[in-house]
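Student: Just so we're aligned, residue 76 is where the sequence shown starts under this note's numbering, counting upward by one.
Cβ coordinates follow ideal geometry from the N, Cα and C atoms, glycine included.
Computed from a predicted model, the values in this text were never measured in an experiment.
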Amino acid sequence: MSVSRIFLTLLWVGLLQSSPVFAAPSFFVLDEPREPVAGFEGVALQAMIAFQAATSDTAIADTVLISTQNDLIRSILQSNQAIQSLRSSAEAQMVRERYVGAFPDPTLMVTGQPLPVYTARGKQVLGIRVEQMIPYPGKLALMRKMAVIEAEIGTDKVQSFAVEAILEGQLALNEINKFTALRAVNRRFQERLDGYEDLALRKYEVGEGNQQSVLKIQLERARLDQSNLEFLRVIEAKKLLIERLVQRPIKLESTGLSLDGAPRGDPGIDGPDQATLELESRSDLRALSRSLDLATSQKHLIEYYNRPDFGVSLNWIGIVKSDMPASSDGRDALAIGVSVKIPLGQSSYRSKKEESQLQIRAIGEQIESSKQSIEDLFTEVNSNTIFDRKSIDHINSSLLPSAEALIESSVFSYSSARGDFLDLLDAERTRFQLEMERIELFKRLGAGQLMLDRISGRLNRLISEQF
76 MSVSRIFLTL LWVGLLQSSP VFAAPSFFVL DEPREPVAGF EGVALQAMIA FQAATSDTAI
136 ADTVLISTQN DLIRSILQSN QAIQSLRSSA EAQMVRERYV GAFPDPTLMV TGQPLPVYTA
196 RGKQVLGIRV EQMIPYPGKL ALMRKMAVIE AEIGTDKVQS FAVEAILEGQ LALNEINKFT
256 ALRAVNRRFQ ERLDGYEDLA LRKYEVGEGN QQSVLKIQLE RARLDQSNLE FLRVIEAKKL
316 LIERLVQRPI KLESTGLSLD GAPRGDPGID GPDQATLELE SRSDLRALSR SLDLATSQKH
376 LIEYYNRPDF GVSLNWIGIV KSDMPASSDG RDALAIGVSV KIPLGQSSYR SKKEESQLQI
436 RAIGEQIESS KQSIEDLFTE VNSNTIFDRK SIDHINSSLL PSAEALIESS VFSYSSARGD
496 FLDLLDAERT RFQLEMERIE LFKRLGAGQL MLDRISGRLN RLISEQF
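1) Return the first residue and the last residue of the alpha helix (DSSP H) that residue 517 is part of.
2) Is the stretch 236-247 touching the stretch 420-439 in the sense that three or more CB pairs, one from each, lie closer than 8 Å?
3) Taking residue 402 as the reference, which of 152, 181, 197, 162 has the closest Cα?
4) Look at residue 235 and residue 358 and say whether their C-beta atoms are less than 8 Å apart.
5) Would you kindly check if the distance between the Cβ of residue 384 and the Cβ of residue 141 is under 8 Å?
6) Helix, strand or coil: how does DSSP classify residue 468 here?
7) So residue 172 and residue 222 are in contact, right, with Cβ under 8 Å, and what is the actual spacing, rounded?
8) Can we say the stretch 297-311 touches the stretch 256-270, given the rule of at least three CB pairs closer than 8 Å?
9) DSSP on residue 181, reduced to helix/strand/coil?
10) Please classify residue 204: does DSSP put it in a helix, a strand, or coil?
11) Give a yes or no on contact between the stretch 526-540 and the stretch 291-300, applying the rule of three or more CB pairs nearer than 8 Å.
12) Under a three-way DSSP split, which group does residue 437 fall into?
13) Can you tell me the Cα-Cα spacing of residue 288 and residue 476, whole angstroms?
14) Taking residue 449 and residue 354 to be in contact with their CB atoms under 8 Å, please state how far apart those CB atoms are, rounded to whole angstroms.
15) Less than 8 Å between the CB atoms is what I'm expecting for residue 313 and residue 250, so what's the real figure, rounded?
16) For residue 381, name the three-state secondary structure that DSSP assigns.
17) For residue 529, which residues from the same chain have a beta carbon less than 6 Å from its beta carbon, with the 5 sequence-adjacent residues on both sides left out?
18) Going by other Cβ atoms of all chains shown within 10 Å of its Cβ, with 16 needed for buried, is residue 523 buried or exposed?
19) Is residue 394 closer than 8 Å to residue 406 when the C-beta atoms are compared?
20) Give me the residue from 445, 379, 400 with the minimum Cα distance to residue 416.
21) So within the stretch 385-462, which uninterrupted beta strand (DSSP E) runs reach at least 3 residues, ignoring any that extend past its ends?
22) Note down, in chain order, each residue of its chain lying with its Cβ closer than 8 Å to the Cβ of residue 200, except the 5 sequence neighbours on either side.
23) In or out: residue 326 buried (at least 16 other Cβ within 10 Å) or exposed?
24) Does the beta-carbon of residue 178 have 16 or more other beta-carbons within 10 angstroms, so that it is buried, or is it exposed?
25) Exposed or buried, which one is residue 233 when buried takes at least 16 other CB atoms within 10 Å?
26) Go ahead and pull the three-state DSSP assignment for residue 193.
27) So, is residue 182 buried or exposed, given that buried needs 16 or more other C-beta atoms within 10 angstroms?
28) If you drop the 5 nearest sequence neighbours on each side, which residues of the same chain put their C-beta closer than 8 Å to that of residue 324?
29) Measuring CA to CA, which of 369, 367, 404 is closest to residue 195?
30) Are residue 388 and residue 225 closer than 8 Å when you measure CB to CB?
31) Measure the alpha-carbon distance for residue 361 versus residue 460 and round it to whole angstroms.
32) Pick out whichever of 166, 165, 204 has its Cα sitting closest to the Cα of residue 184.
33) Only counting the same chain, and skipping five residues up and downstream in sequence, which positions put a Cβ closer than 8 Å to that of residue 470?
34) Mapping the DSSP letters down to three states, classify residue 322 as helix, strand or coil.
35) Let me make sure I understand the geometry here. Which of 293, 211, 531 has the alpha-carbon closest to that of residue 267?
36) Using beta-carbon positions only, say whether residue 428 and residue 467 come within less than 8 Å of one another.
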């Protein structure tokens, strides 16, 4: 059924419902017993229910559930159209190997003599020549090898593109985890402020406190509400970014950080003490290494161009018997020939060979420079993650317990009318800021671990397993 017919059917059902003649009060009340609706109304109702069910099922089926980093990797690899397009282009490159190393097409030449040429066997009227060029031995095999290398470089570039897209999604997911945890900390702080507000109101009612304490709590709560709005804005923006990468609606489950800011176990992320360099897994370094192989093969191919190609030809000459000379019998002639293509552009050959040697050296230097940069960046990020862990341990073992003790003391002093409410509020703010700082450290630690996966080549290996 077309969309227009479905629309007209639904419109007709609406008219039936609004008409006093055809009105059926319990038509859409699903929890009331009713008799089956017959006739056109029944058909329309069934069509509407089926249409709603189909659209609902489609929406649910199109939604991607992401609860781990591996879910994110799999979803981007399967649904991102840019990656699929690049992958198709790389697969198309693999086909080139089939025809690059093939022999060149033979040449067919047909000649006729409007002015006949007389030979000892008669009058020559037609000639047919077929020639096949044969490249120097080894040249075609080298060209096939170069086509395979170029296709492999294309595949490596696709994987490098996928790595960057996935890393962008992982960092966005890490941000979502951070701001979700911050909202939880805000909520707990608000709950504690509610308790302090009750205490401040009781003290105000008995004349032991002032109204300023209540107003300060309300102001603090409003400030937290504003922060929550900003956190929701960032969460929605990062979710839209992930949906742009996945190119489908997504449903996120809690990953990375728990509500108290502690890291959840996730097989997609290693700790910094477990991270090791896997340079052989990095697709960009593989592409550079294969580019070096390609440049070396190009140099050898240039040497082949300085070697002669061969040609084999077969000539058939059509002869017609003539009155003279006496030996004319009209028998056709057959000739076999061999040709050699002589390379004469020696200056061009030397220039191309020198260019290829310089290119080989440049690629080799680029590989060494890239490896050194990767090792330096790996050391830097690994060091930062270690210090982030130490900072988290210090907050958990020293700063937060001290803040808890200060809050207990401030609550006791304020309850016994020996302390000021500002001291209690400052103590709570101190704990709140420490919890926020701890979540920021966890977020930075998570981002550092994701970067280590990217730098070390582990992310490439995870992608290769699903690519």
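Tutor: The relevant details are as follows:
1) 496-531
2) no
3) 197
4) yes
5) no
6) helix
7) 4 Å
8) yes
9) coil
10) strand
11) no
12) helix
13) 26 Å
14) 7 Å
15) 5 Å
16) coil
17) 242
18) buried
19) yes
20) 379
21) 408-416
22) 187, 188, 191, 393, 394, 395
23) exposed
24) exposed
25) buried
26) strand
27) exposed
28) 134, 137, 138, 139, 318
29) 404
30) no
31) 27 Å
32) 204
33) 509, 512, 513, 516
34) coil
35) 293
36) no
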